Each structure stands twice: as structure tokens, then as C-alpha cells.
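Going down the list, the protein sequences come from chains A and B. Residue numbers for the first sequence follow the numbering used here, beginning at 8 and rising by one. Residue numbers for the second sequence follow the numbering used here, beginning at 36 and rising by one.
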Amino acid sequence: MQSKIIVISSGKGGVGKTTATASIGAALAMKDKKVAVVDMDIGLRNLDVVMGLENRIVFNIVDLAQGKCKVQQVAIKDRRISNLFLIPASQSDNKDVLTPDDMIRVSKELRESFDYILMDCPAGIERGFENAVAAADEAVVVCTPEVSSIRDADRVIGLLYSKQIPPKLLVNRIVPARVERGDMLSHQDVVDVLSIDLVGLVEEDEQIVIATNTGNPIVLQNNSKAGQAFKRIAMRLNGQPDLAIEVPRVSKSFWQKIGSRISFGKWE
Amino acid sequence: MLINDIVKKIFFKNESKDTAKKRLQFALVYDRLEVSDEALKKMQNEIVAVISRYFVIDQDQMKLNITRHDDLSALMFNTPIISSKPRQRMA
Numbered sequence: 008m009q010s011k012i013i014v015i016s017s018g019k020g021g022v023g024k025t026t027a028t029a030s031i032g033a034a035l036a037m038k039d040k041k042v043a044v045v046d047m048d049i050g051l052r053n054l055d056v057v058m059g060l061e062n063r064i065v066f067n068i069v070d071l072a073q074g075k076c077k078v079q080q081v082a083i084k085d086r087r088i089s090n091l092f093l094i095p096a097s098q099s100d101n102k103d104v105l106t107p108d109d110m111i112r113v114s115k116e117l118r119e120s121f122d123y124i125l126m127d128c129p130a131g132i133e134r135g136f137e138n139a140v141a142a143a144d145e146a147v148v149v150c151t152p153e154v155s156s157i158r159d160a161d162r163v164i165g166l167l168y169s170k171q172i173p174p175k176l177l178v179n180r181i182v183p184a185r186v187e188r189g190d191m192l193s194h195q196d197v198v199d200v201l202s203i204d205l206v207g208l209v210e211e212d213e214q215i216v217i218a219t220n221t222g223n224p225i226v227l228q229n230n231s232k233a234g235q236a237f238k239r240i241a242m243r244l245n246g247q248p249d250l251a252i253e254v255p256r257v258s259k260s261f262w263q264k265i266g267s268r269i270s271f272g273k274w275e
Numbered sequence: 036m037l038i039n040d041i042v043k044k045i046f047f048k049n050e051s052k053d054t055a056k057k058r059l060q061f062a063l064v065y066d067r068l069e070v071s072d073e074a075l076k077k078m079q080n081e082i083v084a085v086i087s088r089y090f091v092i093d094q095d096q097m098k099l100n101i102t103r104h105d106d107l108s109a110l111m112f113n114t115p116i117i118s119s120k121p122r123q124r125m126a
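Structure representation (C-alpha cells):
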């Protein structure tokens, strides 16, 4: 199969790009694809700790771009999921050490070794963003149901279109109970505002914090709703674009449902 | 006042997410209209090139502006016409 480069981006920081990259990468690798997840946040790397591979780093993406090592040397094999590899960022340089041309060159090499290459884009729309999107075939834009995150996502979506990279939206950290109360934008509201196709909806999940604490992949936990949502996102990216989008919902008993129907302020 | 609030609570949903959605939609309309000086200059040059095919214009006097109001935004291009170019008008 022809290899595909997908950039995971958001504009705003702290919306879950790194977790999404690690999780989607792991899920794709579990589908027997050879996957590289690349940390493009040079100077502020984090994908390594999220994946629990922080003490295995020898070379990094900057070394690879500067010809100091080969792809086989820089790619760190995951502890649990075979076929999953991390290419870490350098922690001592800054974003200007690489150029978009460097990334196009490096990406050509990476395409020869992997089926999927996921670029974990840094926050912002400056050089780090330019580098991360330089060789991308498609993009996943991550946002949370909050005004600042959605506004930044709109900016990034515009920039991606101008670069002819088709973006799809991942709405992260949905809290179904708050959506139902009307205190949080629903995924439909977000789609209305951004007018873009969805690739998936992920609900807020306490298990994400636990998985990150221990450096374990959330997609291996069958009881994690977020983990299962990331798995379905990976399937949509991997040749099943029409897989139905599951909307996170409040699980309620029959009497609770009746109760919310007749309570004040909930009449429709 | 109190009765009013209760009536409102019963018959209308006053949800903060609706406010968020409206504010976002307005903010994005403005954001998307914002053009960099560079893009504006480029657009001006292209407009001048088109108009110059039909008219001789005073390039020092022309003005390109984007004005914004609550319910509409407009692109205004003002230029004095010195003369037309009759030979090409038919083209």
C-alpha cells in the first residue's frame, strides 16, 4: 500500500493532540499497519512520555533531518504494540532548526519504511506548524467544545485548505451530561460553526489521565470509551471512512429519563 | 421580576451553549474577513490590472477599504477615472 502522512493539529494547545496521535497511531498499528508517530514539537517534546518511551531515546527527528542517523536508528519500537514506532522530537533545539523543505525530504525517507506516518503538530501556526504540515497528505484537526479551541481550529482549517491538505474534525473531551444540560456545545453545534466533516467524537474519560500517568496506550483498554472512540477513528482513517460516528451519550435509567423530560427548564 | 424569571425558566431554555454558538459564529465571520496587508496589496494590484484594461485610472488617488458593520461588511474600491480606453472596450 502507498504510505500516508496524516498531521494531527489544533492551533490551541492542551486539547489532546498528543494523546490523539499516540492513540490513533496505536490503533492503526493494531490493524497490522506499520506506523510511525512523529513528535514535531521540537523543544517541548511530550509524545515520548505519553507513550512511555522517554528513557529509550537515542536519536531524534532533528538528527534524522541533519543526516546524523538513519530511519532505523531514530525509530523507537513500542513496548506493547508491535508495528508502532516513535520518532521523538529534539528537546534542546527550537522550531527554526528545521524547515518545511527538510521535512519534505525526511518524509520521503519515512514513506519507504511505514504505512502510516502521524505528525503530532505543536500548538500555534508558526514554523512548527509549517514543518509538521509540509509533507502531509491529510489532516485531523482536534478541538474541544469550547469557544477558544473552536476559533483556533477554524484558523487552522483555513490554513490547511490553503495548502490543499484536506482536514477532518475530531471533537475531543465531550461531557455528555453537560451537553444535555446545555452548558456545553454539542458536536452538532461545533460542526455547524466550522462546517467540516467529522472523523470522530471522543468523550472526556478519566482513564486517559491514568493511561498517561503510566505511559500505556488507552486503546488497549476495552472498558475505556475514549480508547474505543480512538479505535473507530483509526478505522475511518484506514479505509473505512463511512463507519458511523457514535455520539457520546449519558447512560441513564428509565426513571431518570422520565425525570429529565418533565423537569423545569427542559421543555422543548 | 421573580415571576418573570420562573416563567422564562419554564418556557424558554436559556442555555449558555447557545450564547457560545452565536458569539463564535460572529467571531468567525470577522476572523475570516481579516486580510493581511500583503494580501490586500496583492488584491489591489490585481483589481488595478483588470480596471486598467478598460480605463485609465489615477493610481495615486485610488483607495481600497474593507468596512465592517454589525450586519454587513463591504469591500470598497474607489478610483478616479481619467479616461476610457475605447479601442479595448469592445474586446
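Backbone N, C-alpha and C define an ideal beta-carbon position, used for all residues, glycine too. Everything numeric in this text was worked out from a predicted model, so none of it was measured.
In whole angstroms, what is the alpha-carbon distance linking residue i and residue j?
{"i": "Ser-89(A)", "j": "Arg-103(B)", "result": "56 Å"}
{"i": "Gly-272(A)", "j": "Gly-234(A)", "result": "Legend: pLDDT at Gly-272(A) = 47, less than 50; position of this residue unreliable, value from coordinates given subsequently. Looking at the two C-alpha atoms, the distance is approximately 34 Å."}
{"i": "Lys-232(A)", "j": "Arg-58(B)", "result": "31 Å"}
{"i": "Trp-274(A)", "j": "Asp-108(A)", "result": "Note that Trp-274(A) scores 45 on pLDDT, short of 50, meaning its location in the model is unreliable and no value can be drawn from it."}
{"i": "Thr-221(A)", "j": "Asn-80(B)", "result": "58 Å"}
{"i": "Asn-49(B)", "j": "Ala-236(A)", "result": "31 Å"}
{"i": "Phe-61(B)", "j": "Arg-256(A)", "result": "29 Å"}
{"i": "Ile-157(A)", "j": "Val-200(A)", "result": "8 Å"}
{"i": "Ser-99(A)", "j": "Gly-20(A)", "result": "20 Å"}
{"i": "Lys-24(A)", "j": "Ala-55(B)", "result": "23 Å"}
{"i": "Asp-204(A)", "j": "Asp-53(B)", "result": "21 Å"}
{"i": "Asp-212(A)", "j": "Arg-180(A)", "result": "7 Å"}
{"i": "Ser-119(B)", "j": "Val-91(B)", "result": "6 Å"}
{"i": "Ala-126(B)", "j": "Leu-110(B)", "result": "With a pLDDT of only 48 at Ala-126(B), under 50, the local geometry of the prediction cannot be trusted, and the value read off the model is given with reservation. Each residue's Cα considered, the two are about 27 Å apart."}
{"i": "Asp-127(A)", "j": "Ile-13(A)", "result": "9 Å"}
{"i": "Val-56(A)", "j": "Asn-100(B)", "result": "50 Å"}
{"i": "Asp-190(A)", "j": "Ala-184(A)", "result": "9 Å"}
{"i": "Val-42(A)", "j": "Ser-87(B)", "result": "55 Å"}
{"i": "Lys-75(A)", "j": "Val-197(A)", "result": "44 Å"}
{"i": "Ser-97(A)", "j": "Val-45(A)", "result": "11 Å"}
{"i": "Lys-76(B)", "j": "Gln-247(A)", "result": "44 Å"}
{"i": "Asn-229(A)", "j": "Asn-101(A)", "result": "38 Å"}
{"i": "Pro-129(A)", "j": "Asp-72(B)", "result": "26 Å"}
{"i": "Leu-192(A)", "j": "Val-182(A)", "result": "10 Å"}
{"i": "Lys-84(A)", "j": "Asp-66(B)", "result": "43 Å"}
{"i": "Glu-69(B)", "j": "Met-78(B)", "result": "13 Å"}
{"i": "Pro-152(A)", "j": "Ile-15(A)", "result": "17 Å"}
{"i": "Ala-218(A)", "j": "Phe-112(B)", "result": "57 Å"}
{"i": "Tyr-89(B)", "j": "Ala-74(B)", "result": "24 Å"}
{"i": "Asn-259(A)", "j": "Lys-38(A)", "result": "The question names Asn, but residue 259(A) in the sequence shown is Lys. Each residue's alpha carbon lies about 33 Å from the other."}
{"i": "Gln-263(A)", "j": "Ser-51(B)", "result": "23 Å"}
{"i": "Glu-210(A)", "j": "Glu-116(A)", "result": "36 Å"}
{"i": "Ile-117(B)", "j": "Asp-249(A)", "result": "59 Å"}
With a Cβ-Cβ cutoff of 8 Å, do residue i and residue j count as a contact?
{"i": "Ile-124(A)", "j": "Pro-95(A)", "result": "no"}
{"i": "Leu-91(A)", "j": "Ala-36(A)", "result": "yes"}
{"i": "Leu-93(A)", "j": "Leu-54(A)", "result": "yes"}
{"i": "Ser-120(A)", "j": "Val-78(A)", "result": "yes"}
{"i": "His-194(A)", "j": "Val-113(A)", "result": "no"}
{"i": "Pro-121(B)", "j": "Gln-96(B)", "result": "no"}
{"i": "Ala-142(A)", "j": "Met-110(A)", "result": "yes"}
{"i": "Gly-59(A)", "j": "Asn-245(A)", "result": "no"}
{"i": "Leu-167(A)", "j": "Ile-132(A)", "result": "no"}
{"i": "Val-22(A)", "j": "Ile-49(A)", "result": "no"}
{"i": "Ile-172(A)", "j": "Glu-145(A)", "result": "yes"}
{"i": "Leu-63(B)", "j": "Asp-161(A)", "result": "yes"}
{"i": "Arg-87(A)", "j": "Leu-227(A)", "result": "yes"}
{"i": "Ile-164(A)", "j": "Leu-208(A)", "result": "no"}
{"i": "Lys-285(A)", "j": "Asp-122(A)", "result": "Lying before the first or after the last residue shown, residue 285(A) is absent from chain A, which here runs from 8 to 275."}
Can you pull the DSSP bridge partners for residue i?
{"i": "Cys-150(A)", "result": "Val-178(A)"}
{"i": "Glu-145(A)", "result": "Ile-13(A)"}
{"i": "Ser-118(B)", "result": "Val-91(B)"}
{"i": "Arg-103(B)", "result": "Ser-108(B)"}
{"i": "Leu-208(A)", "result": "Val-178(A)"}
{"i": "Ala-43(A)", "result": "Phe-92(A) and Ile-124(A)"}
{"i": "Lys-98(B)", "result": "Asn-113(B)"}
Check the C-beta distance from residue i over to residue j and give it rounded, since I have them as a contact under 8 Å.
{"i": "Val-147(A)", "j": "Lys-175(A)", "result": "6 Å"}
{"i": "Ser-30(A)", "j": "Val-149(A)", "result": "Going by Cβ atoms, the distance from Ser-30(A) to Val-149(A) rounds to 11 Å, so no, they are not a contact pair."}
{"i": "Lys-238(A)", "j": "Ala-34(A)", "result": "5 Å"}
{"i": "Val-206(A)", "j": "Leu-177(A)", "result": "5 Å"}
{"i": "Arg-52(A)", "j": "Asp-103(A)", "result": "That pair is no contact at about 16 Å."}
{"i": "Ile-225(A)", "j": "Ile-240(A)", "result": "12 Å between Cβ atoms; not a contact."}
{"i": "Arg-94(B)", "j": "Val-85(B)", "result": "Residue 94(B) is actually Gln in this sequence, not Arg. Not confirmed; about 13 Å, so no contact."}
Cβ of residue i versus every heavy atom of the ligand NAP: is any distance shorter than 7 Å?
{"i": "Gly-18(A)", "result": "The ligand NAP is not part of the structure shown, which contains no ligands of any sort."}
For chain C, is any of its Cβ atoms less than 8 Å away from the one on residue i?
{"i": "Leu-99(B)", "result": "This model lacks chain C altogether, as its protein chains are A and B."}
field: Inside the region 51-133 of chain A only - alpha helix (DSSP H) runs reaching at least 4 residues
entry: Taken in chain order, the unbroken stretches of alpha helix (DSSP H) that lie wholly in the region 51-133 of chain A and span 4 residues or more are 54-57, 68-72, 78-81 and 107-120.
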